[in-house]
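The next block holds one structure in the form of structure tokens; read it before the comments.
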Amino acid sequence: MIFLTVGTQFPFDRLVRAVDEALGRSALDDEVLAQVGHRGYRPRHMKWVETLEREAFGERVARARALVGHAGVGTILTALEAGKPLLVMPRLRRYGEIVNNHQVVTARKFAELGHVLMAHDEREIPAQLAALESFVPVPRHANPGGIVARLKAFLDRVADGRR
Amino acid sequence: MLQTERAWSGHDIVFVTTGGMVAERLRGQYGVPVYVVGESNREHPLKVLRVLGRCVDILLQERPDVVVSTGAAHGCLLCLLGKLAGAKVVWIDSIANVERLSLSGRTVQPFADLVISQWPGVATAYRRVEYHGALV
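Protein chains in written order, with this note's numbering: chain C, 1 to 163; chain D, 164 to 299.
Here it is as structure tokens:
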């Protein structure tokens, strides 16, 4: 199963429609489940729900072979933590999908590092959906220890100064 | 923020957050005071004023030695007010900002005592911004 999610806040019809139309032209090996948001575009070639509770969402992510979503950091980190291949398409300001174009830089960076696949816009969706079938993401190794050590040193020094 | 727990767990702390649900969890988990300032944005100036007043109240009551923030606008505001009240300011910029500091981060950077980016390229693009790996 491929799980398409647009997040909880706003629909992202440009992405949902692009995936739906791509499936209309040629089916994928996997079936697709789409979470389309309140009053979002209603797909014709895949199963869909408007929203999912946190737990149900996590269950779909765990069950999915791959994910498709907008290029929010939340979505990207969810996929990386779950070790799932992810195709992202950035929300764009010019379509009223978001307040600025920061998702473009986010998507580009994580794609550059091999963590995700990126479709710049809906025209790239069919090809990238096909690529997603064999995409193996570079795993991300978080290293919180460095920041923790730096912050701890800073706080301890301030506390020592007050004593 | 919670991922840095080992850095602040030995200290006397309070949390400030925007959401009531998060506040409940924090109170239960850490047993420390949690202030909720509420949401606001530029489209609702009255709410912004209310948040501003709330932040001033918190700072006057708690008199923190250090304000540590991971963003965004509210954190930025508390950093600024905290600095004026004599606190040291630490800013940890979100992993979302892959090419340059967030707007809030850029606002805080000139007067902050420690600014950390989670991307090496961002850290080298600014004076006095440090990179020590990423939290996620």
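All C-beta atoms in this analysis are idealised placements derived from N, C-alpha and C, irrespective of residue type, glycine included. Please read all numbers here as calculations on a predicted model, not as lab measurements.
Residues bridged to residue i (per DSSP)
| i | result |
| --- | --- |
| D:Trp171 | In the DSSP output, where bridge partners are listed per residue, D:Trp171 has none listed. |
| C:Phe3 | C:Leu33, C:Leu67 |
| D:Leu277 | D:Val253 |
| D:Trp282 | DSSP output for D:Trp282 lists no bridge partner at all. |
| D:Val197 | D:Phe178 |
| D:Tyr289 | None; D:Tyr289 has no bridge partner. |
| C:Ser26 | According to DSSP, which records beta bridges pairwise, C:Ser26 is partnered with nothing at all. |
| D:Ser232 | D:Trp254 |
| D:Leu247 | Partner(s): none; D:Leu247 has no beta bridge. |
| C:Val49 | C:Gln35 |
| C:Val16 | For C:Val16, which the question treats as bridged, DSSP gives no partner whatsoever. |
Environment of residue i [buried if 16+ CB atoms lie within 10 Å]
| i | result |
| --- | --- |
| D:Val195 | exposed |
| D:His174 | exposed |
| C:Val47 | For the sequence presented, residue 47 of chain C should be read as Lys rather than Val. By the neighbour-count rule (16 or more Cβ atoms within 10 Å), C:Lys47 is not buried but exposed. |
| D:Arg217 | buried |
| C:Tyr95 | exposed |
| C:Ala62 | exposed |
| C:Asp13 | buried |
| D:Val309 | The structure shown does not extend to residue 309 of chain D, since chain D spans only 164 to 299, so no value can be given for it. |
| D:Arg188 | exposed |
| D:Ser280 | buried |
| C:Ala153 | exposed |
| D:Gly234 | buried |
| C:His70 | buried |
Contact check, residue i vs residue j, beta carbons under 8 Å
| i | j | result |
| --- | --- | --- |
| D:Ala170 | C:Val158 | no |
| D:Ile274 | D:Val252 | Before going on, a small fix: residue 274 of chain D reads as Phe here, not Ile. Their beta carbons are under 8 Å apart, which means D:Phe274 touches D:Val252 by this criterion. |
| D:Ile221 | D:Val179 | yes |
| D:Gln192 | D:Leu298 | no |
| C:Met89 | C:Ala66 | no |
| D:Leu247 | D:Leu215 | no |
| D:Val229 | D:Trp254 | no |
| C:Glu97 | C:Phe10 | yes |
| C:Thr75 | C:Gly7 | yes |
| C:Val32 | C:Leu23 | yes |
| C:Val19 | C:Leu129 | yes |
| C:Lys84 | C:Ala64 | yes |
| D:Gly201 | D:Arg190 | no |
| C:Leu77 | C:Pro137 | no |
| D:Asn260 | D:Gly249 | no |
| D:Val219 | D:Leu244 | yes |
C-alpha gap between residue i and residue j, whole angstroms
| i | j | result |
| --- | --- | --- |
| C:Gly146 | D:Gly296 | 6 Å |
| D:Thr181 | D:Val199 | 5 Å |
| C:Leu28 | C:Val49 | 19 Å |
| D:Ser203 | D:Gln224 | 22 Å |
| C:Met1 | C:Val68 | 11 Å |
| D:Asp276 | C:Val16 | 45 Å |
| D:Cys242 | C:Ala131 | 45 Å |
| D:Ala236 | C:Pro126 | 38 Å |
| C:His45 | D:Asp256 | 41 Å |
| C:Arg54 | C:Arg60 | 10 Å |
| D:Gly183 | D:Val197 | 9 Å |
| C:Gly72 | C:Arg163 | 44 Å |
| D:Val278 | C:Val99 | 25 Å |
| C:Arg39 | C:Thr5 | 14 Å |
| C:Pro43 | D:Pro227 | 52 Å |
Segment contact, 8 Å Cβ cut-off, at least three pairs: the segment 258-265 of chain D with the segment 113-125 of chain C = no
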